[in-house]
Amino acid sequence: MLELFFKKKNFYPNDYKKNVFDIDFVKLKNMGIENIFIDLDNTLISYDIHTADEKILLFFNNLHQLGFNVFIISNNKKDRVKLFADKVNSRYVYSAQKPFKSGFKRALKKIGYPNPKTVCLIGDQFMTDVLGGKRMGFYVIVVDAIKRKSEKWYTKFNRRLEKRILIRLRRTDREFFDRLNLHEKR
Ligand SMILES: [Mg+2]
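Structure follows, in structure tokens:
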């Protein structure tokens, strides 16, 4: 199985929330986080939505007001990522190829390669966001997918691996699994 080829510690998110609105960004700021890298599809909007609504606009306004460097880091294509990022006034990386490091490095370069510990990565998938973020040494928050139904075949494949990862985490590190409430992860 694929996950066996990667280190187990790379599948331990630092936190789990139901959605991005449940994240306490003031607390993150006080922890020393200065940079927010956030996934697009199924973290901010579902695949069948193309732009930001009022709630998402306020969400990004808040991040900017708190003084974070914000990047949308997406494996999706330029057209979709740019359309959304422009609307919320955020910088972005498209075709990021998470969990590989290249996309993250494109963002880090633009902000002068800060200490990875000052970066918080937020995303909905273990195989791309959690694995990628932990490999970079970021603080990683995993959230529920907004809408699983419209996911493409490769994401469905990743979800099957994700399910195995969650089963393994529960079996091998129950204390961690329970502390983050990962039994609720959708
Ligand atoms: Mg996603």
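First residue of the sequence shown? That's 4 in the numbering used here, and the numbers climb one at a time after it.
The C-beta atom is built at its ideal place from N, Cα and C for all residues, glycine as well.
Bear in mind that the values here come from a model prediction, so they are computed numbers and not experimental data.
Quick check on residue i: buried or exposed, where buried means 16 or more other Cβ atoms within 10 Å of its Cβ?
i	result
Thr46	buried
Asn92	exposed
Lys120	exposed
Arg161	It should be noted that the sequence gives Asn, not Arg, for residue 161. Per the 10 Å Cβ criterion, buried.
Ile170	exposed
Val29	exposed
Gly126	buried
Glu165	buried
Where do the ends of the beta strand (DSSP E) carrying residue i lie?
i	result
Val96	94-96
Tyr142	142-146
Asn72	72-76
Asp18	18-20
On the premise that residue j lies in contact with residue i, defined as a C-beta separation below 8 Å, what is that separation, rounded to the nearest angstrom?
i	j	result
Met139	Lys104	6 Å
Gly19	Phe179	First, the amino acid is wrong: residue 19 is Tyr here, not Gly. Wrong, their Cβ atoms sit about 11 Å apart, outside the cutoff.
Tyr142	Val122	7 Å
Tyr97	Lys80	6 Å
What residue does the alpha helix (DSSP H) around residue i start on, and which one ends it?
i	result
Lys32	28-33
Gly126	Gly126 -> not in any alpha helix (DSSP H); beta strand (DSSP E) instead, spanning 122-126.
Tyr50	Careful: Tyr50 lies outside any alpha helix (DSSP H) and carries neither H nor E.
Ile39	Note, Ile39: premise wrong, no alpha helix (DSSP H); beta strand (DSSP E) at 38-41.
Ala110	105-113
Phe180	177-182
Met139	134-139
Ala88	81-91
Below 8 Å, can you find three or more Cβ-Cβ pairs linking the region 145-153 to the region 19-32? yes
Are at least three pairs of beta-carbons, each pair with one atom in the region 32-45 and one in the region 73-93, less than 8 Å apart? yes
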